[in-house]
Amino acid sequence: PMSNRTGLVRSPFEYPQYYLAEPWQFKILAVYMFFLICFGLPINGLTLVVTAQHKKLRQPLNFILVNLAVAGTIMVCFGFTFTFYTAINGYFALGPINCAIE
């Protein structure tokens, strides 16, 4: 059977992937993701809280806004945090099983 274990391709779960981008580019991505997490979670959460507290805002058109806020919160909690952690390490340190789950 053929195997590429001796090839130049490294596992994305074991080594930093600095052949894809320079280390400083990974750090800039981490800073950007941190910024999105710090501002995205409170803004989406505030949108959900305000909509839940004020019955006047429960209009059919505002359900689209609530839907976007829920989707944004899910992205911040799952997508952005994994990307932040990956950018800090330079590779996907959570392993192949978590990669498949994500």
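Each residue of the sequence shown is one higher than the one before, starting from 1081 at the first, in this note's numbering.
By construction, the Cβ of each residue, glycine as well, lies at the ideal position given by its N, Cα and C atoms.
Residue j and residue i - do their beta-carbons sit closer together than 8 Å?
i, j, result
"A1110", "I1168", "yes"
"G1170", "F1119", "no"
"P1092", "F1172", "yes"
Looking at the secondary structure, which residues open and close the alpha helix (DSSP H) in which residue i lies?
i, result
"F1172", "First-last for F1172: undefined, no H or E at that position."
"Q1105", "P1103 to Q1133"
"L1137", "Segment: none, L1137 is in no alpha helix (DSSP H) and carries neither H nor E."
Let me check you understand the geometry: is the CB of residue i closer than 7 Å to at least one non-hydrogen atom of the ligand SAM?
i, result
"L1100", "As for the ligand SAM, it is missing from this structure, which has no ligand bound."
Closest by CA to residue i, which one among the options?
i, options, result
"V1150", "N1124, P1103 and L1116", "N1124"
"F1160", "L1174, F1114 and K1135", "F1114"
Tell me which same chain residues have a C-beta within less than 8 Å of the C-beta of residue i, skipping the five on either side of it?
i, result
"V1156", "L1116, I1117, G1120, L1121 and N1124"
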